[in-house]
Amino acid sequence: MVFFFQNMINALQWGSFYALIALGYSMVYSILMLFNFAHGDIFMVGAYIGFGVSTGLIALTATGVIALPNWLILVLTILFSMFLTSLVGMLVERIGYRPLREAPRASAAITGLMIGIILETGNLALLGARRVSFPSLIETTTYNLGGVYITNKKIMIVVVSLAIMLALDQFIRRSKWGMAIRAMAFDYLVVPLMGISINTIARMTFAIGSALAAVAGILFGMAYPVLDPYMGILFGWKAFVAAILGGRGSIMGACLAGFLLGFIEIFVAMIFPSTLRDLIAYSIIMLILTFRPHGFFGEPYSAQLRL
Amino acid sequence: MFLSVENLRVSYDRIRALHGITFDINQGEIVCIIGANGAGKSTTLRAISGMVKPEPESRMTFMERDLLTFSADRVVRELGISHVPEGRRLFGNLTVLENLKLAAFARKDPENVQKDLSRLFSIFPRLQERTRQKSGTLSGGEQQMLAIGRAFMSGRRLMLLDEPSMGLAPLLMKTVFKALKEINGEGTAILLVEQNARMALQFAMRGYVIENGNLVLAGDSKDLLENPEVQKAYLGG
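Protein sequences, first through last, are from chains S and Y. So for the first sequence, numbering that gives the first Met the number 0 puts the first residue at 0; every next one is plus one. So for the second sequence, numbering that gives the first Met the number 0 puts the first residue at 0; every next one is plus one.
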């Protein structure tokens, strides 16, 4: 039982990363019918930007230019990195996808793959092949709850992730911009007839998705401090799986599916040798999709594709 | 000139749908274009609202401004031309009120939105009863009211209406057209395209007849209603 709860905690943390990344996939897909295959690499870029910002702030504090407590460095790192990564996301949308808005979807998809490669190798060119290690921003404290070991970092990662998901959900449900995103997901061709620019909504959606990926990147860096330029590939694919499993455009679905992926992976590894983890975990996911082809909360796309 | 369209040509995938049509609308006028299915009625509206790109030799101006340089969203936002598309195309996942708010999303005079909403609800009391209902669950008549309501909230100089009578029972059709008269009475010009020629000509002041992408007849509604060719082709003898 203790063993079970221990893995439960780990699964929640692991699932948080998937869920945060899956949200970006899901939102972009829902409004533009576009899989942004560069999104995993945006997660990587976010982690590196987080690394840069936090290292910079720590250095400034060390040299006495400014005196910031560690928690404030963490908060500022998250906020700055969200902002900077959202700029990267908007750039990707502007340069990569907007010119292909009317192009066949396959062209847009391979554009995503190419942008991904450019981001990976661009990082390599910029920082070289060495791995960088993410600074430890908060002192790790381990609590022992009846044999289950929980660190303050794990609690923080899960709580921050859940808070962000909740905030996003409220934003989509209640704000005027969220309303526009929901409308665009339903029938994007009619959106301009309301006087609203599709480009504005698309740009904003990329910005939000990228900011969430940046949070995932930083939290990941805090839990697993070694970063490398290719870290976003597998994560991106798995988060993509979560987005599809959640159902088109469903915030709740993407989150739940992200956590489910985390759970399946961790619990498969609990029972089977860890080398078999992904083989078994993703066979299970495939089976689920066979029975629910539109995902948990998805519906068949119904809007007409011409006005 | 309010709206002037000259030599409008539009092609879809190299197949020409409009072969250079010319017409105009005066301020405050109600004008209809009647014609058979596939004659080019909807394409004409799409070209005006910027949803399709006309061929370069086309000329369109609205209040002295070159319409061809405006993107679809700017046509609504900056020129006040709204378009009720074929099949209404409501955001079915949004409530009635959300659909209306979205239509007012980009307006430059947010202080007047509430007032316009009240005015709209006095024209269509039925919409006010349904504000919290998802628009996808409305009846056909209510959906048409909401589609017109969205246009009312988004752009009020010129309203482009694509087959507002489609799928409506005669009584509802009367309600809808009475409301449109009311909206027109407050200064909104209306360009209406219809397959239901009798209804359209009774409602509009002037009309054009479109056949295979060409305007073949023009005149006052009264004259068109009495024109033997029109009667034979569009009014059932």
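Beta carbons are placed, not taken as given, at the ideal position from N, Cα and C, and that holds for glycine. From a predicted model like this one, the values you see are computed outputs, not experimental measurements.
Contact annotation: residue 103 of chain Y and residue 112 of chain Y have beta-carbon atoms nearer than 9 Å.
Neighbourhood of residue 175 of chain S in chain Y, by CB distance below 9 Å: 100, 101, 104, in chain order. Secondary structure at residue 214 of chain Y: strand, using DSSP grouped into helix, strand and coil. In the three-state scheme derived from DSSP, where H, G and I count as helix and E and B as strand, residue 130 of chain S is classed as coil.
If one requires a minimum length of 4 residues, the alpha helix (DSSP H) runs lying completely within the segment 102 to 128 of chain S are 104 to 126, in chain order.
Under the three-state reduction of DSSP, residue 143 of chain S is assigned to strand.
Considering only S/239, S/150, S/106, S/20, the residue with the shortest C-alpha distance to residue 43 of chain S is S/20. Secondary structure note for residue 22 of chain Y: its beta strand (DSSP E) is the uninterrupted segment 14 to 24. When secondary structure is reduced to three states using DSSP, residue 193 of chain Y falls in the strand class. Pairing residue 192 of chain Y with residue 49 of chain Y gives a Cβ-Cβ distance that is not under 9 Å.
In this structure, the straight-line span from the alpha carbon of residue 54 of chain S to that of residue 48 of chain S is close to 10 Å. Nearest neighbour of residue 241 of chain S by Cα position, chosen from S/231, S/229, S/259, turns out to be S/259. Distance from the Cα of residue 229 of chain S is smallest, within the candidate group S/127, S/68, S/194, S/2, for S/127. In the DSSP assignment, residue 38 of chain S falls within the alpha helix (DSSP H) that extends over 38 to 61. Inter-residue distance for residue 35 of chain S and residue 134 of chain Y is about 30 Å (C-alpha atoms, whole angstroms).
DSSP places residue 138 of chain S in no beta strand (DSSP E); its state is neither H nor E. Residue 191 of chain S belongs to the set of residues whose beta carbon lies under 9 Å from a beta carbon in chain Y.
A distance below 9 Å separates the beta carbons of residue 206 of chain Y and residue 220 of chain Y. At least one beta carbon of chain Y lies nearer than 9 Å to the beta carbon of residue 178 of chain S. At a cut-off of 9 Å between C-beta atoms, residue 82 of chain Y counts as an interface residue with respect to chain S. Residue-level contact by beta carbon fails for residue 241 of chain S and chain Y, as no gap is shorter than 9 Å. With the rule of 3 Cβ pairs closer than 8 Å, the segment 143 to 156 of chain S does not count as touching the segment 250 to 259 of chain S. Taking a cut-off of 8 Å on C-beta distances, the segment 212 to 226 of chain S does not touch the segment 96 to 112 of chain S, as fewer than three cross pairs fall below it. With fewer than 16 other Cβ atoms inside 10 Å of its own Cβ, residue 227 of chain Y counts as exposed.
Secondary structure note for residue 5 of chain Y: its beta strand (DSSP E) is the uninterrupted segment 2 to 11.
Under the DSSP assignment, residue 58 of chain Y falls outside any alpha helix (DSSP H), being part of the beta strand (DSSP E) whose first and last residues are 58 to 61. Taking the Cα positions, residue 195 of chain Y is about 17 Å away from residue 43 of chain Y. Note on residue 181 of chain S: 16 or more other CB atoms within 10 angstroms of its CB, so buried under the neighbour-count rule. At least one CB atom of chain S sits nearer than 9 Å to the CB of residue 50 of chain Y. Restricting attention to beta strand (DSSP E) runs no shorter than 3 residues, the segment 52 to 109 of chain Y encloses them at 58 to 61, 80 to 83, ordered along the chain.
A residue is called buried when at least 16 other Cβ atoms come within 10 angstroms of its Cβ; residue 26 of chain Y does not meet this threshold and is exposed.
Interface residue (Cβ-Cβ distance to chain S less than 9 Å): residue 76 of chain Y is classified as such. By the neighbour-count criterion, in which 16 or more other beta carbons inside 10 Å mark a residue as buried, residue 205 of chain S falls on the buried side. Look at residue 104 of chain S: its C-beta is not under 9 Å from any C-beta on chain Y. Among the CB atoms of chain S, none fall inside 9 Å of the CB of residue 39 of chain Y. In the DSSP assignment, residue 159 of chain Y falls within the beta strand (DSSP E) that extends over 157 to 161.
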